[in-house]
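Engineer: Adding 135 to a residue's 1-based position in the sequence shown gives its number in my numbering. Before we start, here is the structure in question, set down as structure tokens.
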Amino acid sequence: MTMNFMLMITTAFIMAALFYVTNVFEDSNVYSMRKKALKLFRNNRENSHRFYLALEQYITENNVWSYNAFENDDITFSEFLEAFKEKHHIEYSHEEEMKLTESKLSRKQVEDFLMKLDYQYEFITAVESSIQFDAHTFKKQLTA
């Protein structure tokens, strides 16, 4: 009977130790993922802000507020800039940053946040490229 009790205690101790080690490893992995997400968040916020300031400057310098921002779309530069600024202020708000820094997030939540940040980066890059191409085309039309 004493041997069975010692075996149960030893097994329980080993299971508790394995549980602790697994959680420590998982926590450090989530921590490094969270750190990466925070870095991407701040880079995206900076790129988004830089882009909408440059776009606003371009629109003002060329006075194209009422012109279509994209070749096959009816959205004007003014409407696009307003929508982009609103999107920027929502996606890169202080509250969104606090989700990464202060909330207890699971591995899945951090992975989802990373996917969202990748999408946001791709969106900014694609829109920036499209606007630059259309701006180049627009300048050619003005000088022709």
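Where a beta carbon is used, it is the ideal one built from N, C-alpha and C, also for glycine. In this text, all values refer to a predicted model and were calculated from it rather than measured experimentally.
Report yes or no: is there a C-beta of chain B within less than 8 Å of the C-beta of N207?
Structural biologist: Considering every chain present, this structure includes no chain B. It has just one protein chain.
Engineer: Among the residues of its own chain, which have a CB less than 7 Å from the CB of I266, if the five just before and after it don't count?
Structural biologist: Once the five neighbours on either side are set aside, the close Cβ partners of I266 are L190, A204.
Engineer: List the whole-angstrom C-beta distance separating F186 from W200, where the pair is believed to meet the contact cut-off of C-beta under 8 Å.
Structural biologist: Wrong, their Cβ atoms sit about 17 Å apart, outside the cutoff.
Engineer: To the nearest angstrom, how far is it from the Cα of N179 to the Cα of L252?
Structural biologist: Whole-angstrom Cα-Cα distance: 7 Å.
Engineer: Candidates A218, I225, L240, E226: which alpha carbon is nearest M168's?
Structural biologist: Minimum Cα distance to M168 is reached at L240.
Engineer: Going by DSSP, what residues sit across from T211 in a beta bridge?
Structural biologist: Its beta-bridge partners are N203.
Engineer: Just to confirm, is the Cβ distance from E263 to F176 under 8 Å?
Structural biologist: Their beta carbons are not under 8 Å apart, which means E263 does not touch F176 by this criterion.
Engineer: Assign Q192 to one of two classes, buried (16 or more other C-beta atoms within 10 Å of its C-beta) or exposed (fewer than that).
Structural biologist: Exposed, since its Cβ has fewer than 16 Cβ neighbours within 10 Å.
Engineer: Take the Cβ of L188 as the centre, count every other Cβ of all protein chains shown within 10 Å, and call the residue buried at 16 or more, exposed below.
Structural biologist: By the neighbour-count rule (16 or more Cβ atoms within 10 Å), L188 is not buried but exposed.
Engineer: By alpha-carbon positions, which one of S183, L173, N139 ends up nearest to T260?
Structural biologist: Closest option to T260, Cα to Cα, is S183.
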